[in-house]
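Asker:
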Amino acid sequence: MSQTRSGGAAITISRSMVLVVIGSSSVNPSLCNPRVAQCGAQAQPCGCKWIWTSVAGMTVLIDVDELRRRLATGERTVLLDVRWKLGDPDGRRHYLAGHLPGAVYVDLETELAAPPTATDGRHPLPGLATLRAAARRWGVRDGDLVVAYDDLGGMSAARAWWLLRWAGVDGARLLDGGLSAWTSAGGQLETGDVTPAPGDVELRAAALPTVGIDDVAELAADGVLLDARAAERYRGEVEPVDPRAGHIPGARSAPTTDNLNADGRFRDAGELRARFASLGVDGEHPVGVYCGSGVTAAHEVAALAVAGIDAALYPGSWSQWSADPDRPAVTEPGESPEQP
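Okay, so the sequence shown: first residue is 1 according to the UniProt record's numbering, each after it adds one.
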């Protein structure tokens, strides 16, 4: 491993990954290889292998006490209610029945995803202009703290968190413990809809890394690819929504439920580091994450960030991979890939 510095940026080169830690606006990633500058935050083999901007160590979570303090003192805080579940995707009725005071409802299906397609999966990333328009409808302004929550341990709210961080909103946070943590601490709920004054936030794409369908298998070979779905879906025992059962060759089962304590809060950083180390994450090799359609995988990226670990999201996830008949599927650990 070697290190070099340029313009205040530390560039760490390991055996299979280049990690660029932004220290100033004059960073020149092409110091490594002329092709690197073309890659940006797209996690793909590029010159010195895998490269993306480091975001490990970012502040991911906010607890109820800190949120209540901010609301009491009037600090600019936008609350997003992102309730959504597989099998119960419309969280609006739950929102209308009771939500954090001032929270805006966010429709994951229409505001945090582009329309599903056979080639891109069930929840493709929205276009930047679409996301900007939605964020402005939510009342987000530049410099705001934006807190997303749900009633599922952050499993759906993490999609909003990830997209906002991906779009350059450094103030995006997840409410640790979500709705239940708020009510358990005595927090009151409001009913009905909230329509905030429009925001003026500006977004920029690719502040967080992604990996595409043509590179994710190579990432699994070069580093660690985590499958954030339930273990039985990983093993191919059940598949409730996608075309085929199984997992991407080389992926390791890492259900998002294991990121949480029994009370729905994230495990602490040390526990999460130990969890991911047991899955082969060693800090020396690239890490990618997928799930069914790029929703709960964002929760895994958040947990990895809490642990101080960079990870790329595969947005198309299993819904995209399994729809392509030319992509192999593994139905049990250690078995040969099954071709359809």
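Note that CB positions come from ideal geometry on N, CA and C, so glycine has one too.
Among 328, 277 and 265, which residue has its Cα nearest to the Cα of residue 158?
Answerer: Of the candidates 328, 277 and 265, the one whose C-alpha sits nearest the C-alpha of residue 158 is 265.
Asker: Inspect the beta-carbon positions of residue 203 and residue 131 and report whether they are closer than 8 Å.
Answerer: For residue 203 and residue 131, yes; Cβs fall inside 8 Å.
Asker: Would you tell me roughly how many angstroms separate the C-alpha atoms of residue 188 and residue 75, rounded to the nearest one?
Answerer: Going from the Cα of residue 188 to the Cα of residue 75 covers about 19 Å.
Asker: With DSSP as the reference, label residue 147 as helix, strand or coil.
Answerer: Residue 147: strand per DSSP, three-state reduction.
Asker: List the whole-angstrom C-beta distance separating residue 103 from residue 216, where the pair is believed to meet the contact cut-off of C-beta under 8 Å.
Answerer: Going by Cβ atoms, the distance from residue 103 to residue 216 rounds to 35 Å, so no, they are not a contact pair.
Asker: Starting from residue 173, follow its DSSP beta bridges and name the residues at the other end.
Answerer: Paired residue(s): 147.
Asker: I need the DSSP call for residue 190, collapsed to helix, strand or coil.
Answerer: If DSSP states are grouped into helix, strand and coil, residue 190 belongs with the strands.
Asker: What are the boundary residues of the beta strand (DSSP E) that residue 71 is part of?
Answerer: Counting along the chain, residue 71 falls outside any beta strand (DSSP E), though it belongs to the alpha helix (DSSP H) covering 64-73.
Asker: Which residue wins for smallest C-alpha separation from residue 168, given the options 128, 109 and 154?
Answerer: Out of 128, 109 and 154, 128 has the C-alpha closest to the C-alpha of residue 168.
Asker: What does DSSP give as the partner residues of residue 276 in its beta bridges?
Answerer: Looking at the DSSP assignment, residue 276 forms no beta bridge with any residue, so it has no partner.
Asker: Quick one: is the Cβ of residue 304 within less than 7 Å of any heavy atom of the ligand SAH?
Answerer: Among the components of this structure there are no ligands whatsoever, and the ligand SAH is therefore not found.
Asker: First and last residue of the beta strand (DSSP E) that includes residue 79?
Answerer: Looking at the DSSP string, the run of the beta strand (DSSP E) that includes residue 79 is 77-81.
Asker: Whole angstroms is fine: what's the gap from residue 96's alpha carbon to residue 307's?
Answerer: Taking the straight line joining both Cα atoms gives about 35 Å.
Asker: Closest by CA to residue 299, which one among 228, 112 and 58?
Answerer: That would be 228, whose Cα lies nearest to the Cα of residue 299.
Asker: On a CA-only basis, which of 248, 140 and 177 is nearest residue 66? Give me that one, please.
Answerer: Of the candidates 248, 140 and 177, the one whose C-alpha sits nearest the C-alpha of residue 66 is 177.
Asker: So which of 284, 125 and 82 has the shortest CA-CA distance to residue 211?
Answerer: Of the candidates 284, 125 and 82, the one whose C-alpha sits nearest the C-alpha of residue 211 is 125.
Asker: Within 10 angstroms of its Cβ, does residue 322 collect 16 or more other Cβ (buried), or is it exposed?
Answerer: Residue 322 comes out buried.
Asker: If you draw a straight line from the alpha carbon of residue 112 to that of residue 80, how long is it in whole angstroms?
Answerer: Their backbone Cα atoms lie some 12 Å apart in a straight line.
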